[in-house]
Amino acid sequence: MKRAFLIVLDSVGIGGAPDAAAFGDTGSDTVGHIAEACAAGRGDNAERSGPLHLPNLCRLGLGNASEASTGRLPPGLTKAPDDAAWGYASETSNGKDTPSGHWELCGVPVSFDWGYFPMTEPCFPRELMEQLVEAGNLPGWLGDRHASGTVIIEELGEEHIRTGKPIVYTSADSVLQIAAHEEHFGLDRLLKLCETARELVDPLNIGRVIARPFVGETPETFKRTANRRDYSVLPPEPTLLRRHADRGGQVISVGKIGDIFAHDGTGREVKAPDNDAMFDLLLAETRTAGKNALIVVNFVDFDVHYGHRRDPAGYAAALEHFDRRLPEFEALLGPGDLAIITADHGCDPTWPGSDHTRENIPVLILGGARPGGPVGHLSSFSDVGQTLARHLGISDMPHGRAFAPAA
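The opening residue of the sequence shown carries number 14 in our numbering; numbering runs sequentially from there.
Next up, the structure:
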């Protein structure tokens, strides 16, 4: 029985990509800088302390991949056995955003340029905002600038509750985000507003519109909820998921995968509120998945809660928790299974600003169908998708090179 698993640790990059300078990210290194912070005593919190400790990920080759990517082994990380199947990959897509990374991992690089909003205040076209106000019957809007989501909600949340004006903001990604209170504004109303915004920004080639619902009554109690929704455009070509679904294969999408792929070929979609619950879902789906199943999961907390919020201690604790649970997943893999643990971009919590960072990603391969040793530097994330496609018996995809022989 052959099954394939793509496990994306959202934002767990391992050092600046070859073209990092073009993105202002030369020297960024999510895993490496977290490890350095921990070694220097800056990674301690109520959940953890001391050097970064990731024995299971290191056994699979995370330390080796980090060293190969940056030229240095991060403190606390160790080398894997010689037969470990690991590598690292560089992105060819033009952005460092979530859809570009995931689509390329699934065999479809983004060769076009996304639309972006300028680093000005206001940053959105006046006509766009007036259309949004009219369509949503809104009293106006707040924000209209580049911002961290948590910060702008703290700053404008009370005014939003008082006035009914949604908080609209963006980032370095191709995205328009709308934050609104689940109760005072209404979750359904927010989601409908974001669906309208999705249509309005299509002519601008904006990759995502994101609904950011929150609760609480004061800046100290405001908290974003798990009801986030991403409205993405369709991938420009059939992805691994679409191709597998079209041939009758079982596709299971865990977490925000359905939103990232605009629900195209994503099969059965299951969600959970946090990484730990996501891991429980991964285990449950792995136990019941049939032959030729493709399971794709995104662990978003690394990015949302710790990368963007520039919290190396929290990021370290989340990595260590995932590492402790990893053997639970490994125990469910059979001789015909091929699983790849990787990332979609970086989000270095020690880097200036609050945006993603252009980094190489680890490629850690496990399961009975894994290759018997390192696979080296992959020139495109698409090599991951091509490899999983070959394993599932899907005809070669247009992009990428398989790094494992057909099982």
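For glycine and all other residues, C-beta sits at the position ideal for the given N, C-alpha and C.
Since residue i and residue j are thought to touch, with beta carbons under 8 Å apart, how far apart are those beta carbons, to the nearest angstrom?
i, j, result
"Pro375", "Ala78", "4 Å"
"Arg221", "Val188", "5 Å"
"Phe227", "Gly149", "Actually they do not touch by this definition, with Cβ atoms about 18 Å apart."
"Leu424", "Leu70", "Residue 424 lies beyond the residue range present for the chain, which begins at 14 and ends at 420; the question has no answer from this structure."
"His115", "Ile273", "5 Å"
"Arg175", "Met410", "The Cβ separation is near 52 Å, so there is no contact."
"Gly156", "Tyr182", "4 Å"
"Leu379", "Ala352", "5 Å"
"Ile354", "Leu90", "Not really, about 15 Å apart at Cβ, beyond 8 Å."
"Gly100", "Phe342", "About 20 Å; that fails the 8 Å criterion."
"Gly241", "Ile219", "Here residue 241 turns out to be Arg, not Gly, going by the sequence shown. The Cβ separation is near 17 Å, so there is no contact."
"Ile191", "Ala210", "6 Å"
"Asp397", "Ala97", "Rather than Asp, the amino acid found at residue 397 in this sequence is Val. Not a contact, Cβ separation roughly 17 Å."
"Pro122", "Thr105", "5 Å"
"His404", "Cys360", "Going by Cβ atoms, the distance from His404 to Cys360 rounds to 29 Å, so no, they are not a contact pair."
"Gly56", "Ala329", "5 Å"
Nearest CA to the CA of residue i: which residue from the options?
i, options, result
"Leu377", "Val25, Asp272 and Lys15", "Val25"
"Ala331", "Arg414, Gly366 and Pro362", "Pro362"
"Phe335", "Gly349, His321, Leu346 and Val313", "Val313"
"Gly349", "Asn373, Ala306, Glu333 and Leu247", "Ala306"
"Ser1", "Ala382, Thr370, Gly386 and Asp357", "What is shown of the chain runs 14 to 420, which leaves residue 1 out entirely."
"Ile270", "Arg260, Leu345 and Glu282", "Glu282"
"Ser408", "Leu253, Glu80 and Pro286", "Leu253"
"Pro251", "Arg237, Asp243, Gly278 and Asn240", "Gly278"
"Glu172", "Gln190, Asp186, Gly262 and Pro152", "Pro152"
"Asp289", "Ile308, His276, Asn218 and Gly268", "Gly268"
"Pro248", "Gly28, Pro88, Cys119 and Lys284", "Cys119"
"Asp215", "Ser245, Arg241, Arg237 and His404", "Ser245"
"Phe292", "Asn58, Thr301, Asn311 and Ile27", "Asn311"
"Asp186", "His276, Ala160, Gly54 and His412", "Ala160"
"Ala15", "Ala258, Gly413, Leu203 and Gly406", "The sequence shown places Lys at residue 15, rather than the Ala named in the question. Of the candidates Ala258, Gly413, Leu203 and Gly406, the one whose C-alpha sits nearest the C-alpha of Lys15 is Gly406."
"Glu298", "Asp23, Gly261 and Leu345", "Leu345"
"Gly385", "Gly45, Gly40 and Pro94", "Pro94"
"Thr238", "Cys207, Ala275 and Glu196", "Glu196"
"Phe18", "Arg414, Ser367 and Gln399", "Gln399"
"Val44", "Phe394, Thr370, Pro387 and Gly381", "Thr370"
"Ala52", "Leu22, Asp38 and Pro87", "Pro87"
"Gly8", "Asp316, Gly381 and Ala258", "Outside the shown range of the chain (14 to 420) lies residue 8, about which nothing can therefore be said."
"Glu233", "Glu372, Ser392 and Val164", "Val164"
"Arg337", "Thr83, Gly54 and Pro68", "Pro68"
Provide the residue span of the beta strand (DSSP E) that contains residue i, from first to last.
i, result
"Asp243", "Arg242 to Ser245"
"Gly156", "Leu155 to His159"
"Tyr101", "Ala98 to Ala102"
"Asp350", "Asp350 to Thr355"
With which residues is residue i paired in a DSSP beta bridge?
i, result
"Val188", "Arg221"
"Val397", "Paired residue(s): none; Val397 is not in a bridge."
"Arg105", "Per the sequence shown, residue 105 should be read as Thr rather than Arg. Answer by DSSP bridge pairing: none, since Thr105 is not bridged."
"Ile180", "Leu155 and Ala192"
"Ala17", "Leu307 and Leu351"
"Gly389", "Gly100"
"Leu377", "Trp99 and Ile354"
"Lys236", "Val228"
"Glu343", "None, per the DSSP bridge assignment."
"Thr370", "Gly359"
Could you check where the alpha helix (DSSP H) with residue i kicks off and where it finishes?
i, result
"Ala313", "Strictly speaking, residue 313 in this sequence is Val, with Ala absent from that position. Unbroken run through Val313: none, as it is neither H nor E."
"Pro112", "Thr111 to Leu118"
"Glu212", "Leu200 to Val214"
"Glu143", "Arg139 to Gly149"
Are any of the Cβ atoms in chain D nearer than 8 Å to that of residue i?
i, result
"Asp272", "In the structure shown, chain D does not exist; there is a single protein chain."
Start-end ranges of the alpha helix (DSSP H) lying completely within the region 19–83, minimum 4 residues: 43–52, 68–73 and 75–83
Taking only runs that begin and end inside the region 248–333, name each unbroken beta strand (DSSP E) of 3 or more residues, in chain order. 264–267, 281–283 and 307–312
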